[in-house]
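Shown next, in C-alpha cells, is the structure this report addresses.
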Amino acid sequence: MTPSPLLYVDDNIYHLYPEYRIVGFYLYDVYDEMVARIQGLLVEPETYKPRYLVMTIGGFLFTDGKMVLFPKKHCEGHELGKVRTSWRRDSIQQSPAIDDPNSVTLEREQVILGYYDLEPYWDVTETNLNP
-19 MTPSPLLYVD
-9 DNIYHLYPEY
1 RIVGFYLYDV
11 YDEMVARIQG
21 LLVEPETYKP
31 RYLVMTIGGF
41 LFTDGKMVLF
51 PKKHCEGHEL
61 GKVRTSWRRD
71 SIQQSPAIDD
81 PNSVTLEREQ
91 VILGYYDLEP
101 YWDVTETNLN
111 P
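In terms of this note's numbering, the sequence shown has 62 at position 82, counting the first letter as 1, and numbering is strictly consecutive.
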C-alpha cells in the first residue's frame, strides 16, 4: 500500500487561498439539501490546493457516521457557509469510506476517484511543450 502524498488540514489556515478556506462550511447537493459539514481538506503539501473535502456522513446520537472524501473537483462554488455540488446526497452517502484522513493510501484514492468517475491526478502526463 502506497501512502498518499496529501496533507490533512482541519482548519482554515493561512496557507490556504481564501477561496479554499471552506473548513466548517456545509456541502449542499443538487437539490439544495445539506449533505454534511466539511471537517477538513486533503491538500497538496506544496501548494495547499485541495483535492478532497473530508466529511462524516450519517451517525446519530451514540453511533459514529461514515467518513468520506468528496473530490473538490465536483464542487461548484461557495457562499455564506455553503459549498454546492451537482451530485445527489444519497450518491455521496454511498461513496467508499475511509478510516482516517491522515492515512489514506493511493489505492484507496483510486477506489474513491473511480466511484466519482475521475482520473487519478497523479497519472496526468505533462505534454512536451518543446517544438
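Think of the CB as a built atom: it goes at the ideal place given N, C-alpha and C, for glycine as much as any other residue.
Secondary structure of residue i, DSSP reduced to three states
i: I2; result: coil
i: P25; result: coil
i: L49; result: strand
i: I(-7); result: coil
i: R68; result: coil
i: T107; result: Reliability of the predicted coordinates at T107 is poor, the pLDDT of 44 falling under 50, and the value obtained from them is presented with this limitation in mind. Of the three classes helix, strand and coil, the one that applies to T107 here is coil, per DSSP.
Cα-Cα separation between residue i and residue j, rounded to whole angstroms
i: Y101; j: P30; result: 12 Å
i: D12; j: H58; result: 12 Å
i: A77; j: V48; result: 5 Å
i: E(-1); j: M(-19); result: 33 Å
i: S115; j: Y95; result: No answer is possible for residue 115: the residues shown for the chain start at -19 and end at 111.
i: V15; j: V3; result: 14 Å
i: V10; j: I72; result: 11 Å
i: N(-8); j: T36; result: 18 Å
Residue nearest to residue i in terms of C-alpha spacing, selected from the options
i: V34; options: S83, R68, S66; result: S83
i: V23; options: K52, I37, M14, D79; result: K52
i: G61; options: F5, D(-9), D97; result: F5
i: Y(-12); options: Y(-6), T36, G20, L7; result: G20
i: S75; options: F50, P(-15), A16, T27; result: F50
Beta-ladder partner(s) of residue i, from DSSP
i: P30; result: V23
i: E(-17); result: Just to set this straight, residue -17 is Pro in the shown sequence, not Glu. In DSSP, P(-17) forms a bridge with T85.
i: Y(-12); result: L22
i: E59; result: K62
i: L7; result: A16, V63
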